[in-house]
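Quick notes on the structure that follows.
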């Protein structure tokens, strides 16, 4: 069973489960090892949303593991993979499907330090009643072009333009809109006139900020 099966079954009821970000990921493996979701900051990992397991133990007996039945096994299965038995059934919490906002932002090499700082700040951001938000954060290097770049694809619960939980990333685009100004003034001169500056066309480092609401 994949998370696509779970999401498809819950959608007619206006409910969702905390599970895989990719629909083709299997339910058992992801749930037993942790399970990162876009809304982990509010709802926890996939394993945190399991309320009951049905497990076949090594001696062949079948038990139910929950907070009140075999609580030690219930605790161990949250991240314990398949080391404690074969799980034949998961009972999961469900949540109301929210409206969401998304953002896609890309940054060149000069913005990567601020990008990393923004990612750390987002990870440390802690509120008593958090807004559910998360994303996919990548830094890549192209060996052919020798270009390093960074990308954030973020999802946030609720309608916000731009998504408020990603304001530190959005701020990078504004802060480094003209990052090379002094540098270009030093090297771009009119021929024969070392004191004159040649106008240089400059564009923001962030190449995209897409908001989508559902």
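Residue numbers (the UniProt record's numbering): 1 to 214.
Beta carbons are placed, not taken as given, at the ideal position from N, Cα and C, and that holds for glycine.
Tell me whether residue i sits in a helix, a strand or coil according to DSSP, three-state version.
i	result
residue 101	strand
residue 193	Its pLDDT being 49, under 50, residue 193 is placed unreliably by the model, and the measurement read from it follows with that caveat. In the structure shown, residue 193 sits in a strand (DSSP, three-state: E or B).
residue 154	strand
residue 111	helix
For residue i, which residues from the same chain have a beta carbon less than 7 angstroms from its beta carbon, with the 5 sequence-adjacent residues on both sides left out?
i	result
residue 79	33, 34, 47
residue 9	none
residue 136	153
Looking only at its chain, what residues have a beta carbon closer than 6 angstroms to the beta carbon of residue i, apart from the 5 residues adjacent to it on each side?
i	result
residue 132	39, 42, 157
residue 150	107, 112, 115, 139
residue 165	131, 133, 156
residue 15	94
residue 76	84
residue 58	none
residue 148	109, 141
residue 49	18, 92, 93
So, residue i versus residue j, is the Cβ gap smaller than 8 angstroms?
i	j	result
residue 99	residue 159	yes
residue 19	residue 6	yes
For residue i, tell me which candidate among the options has the shortest Cα-Cα distance.
i	options	result
residue 117	106, 136, 169, 108	169
residue 31	72, 93, 69, 153	93
residue 2	97, 21, 63	21
residue 29	81, 61, 63, 105	81
residue 45	37, 167, 129	37
With three or more beta-carbon pairs closer than 8 angstroms as the criterion, would you say the segment 119-131 touches the segment 81-91?
no
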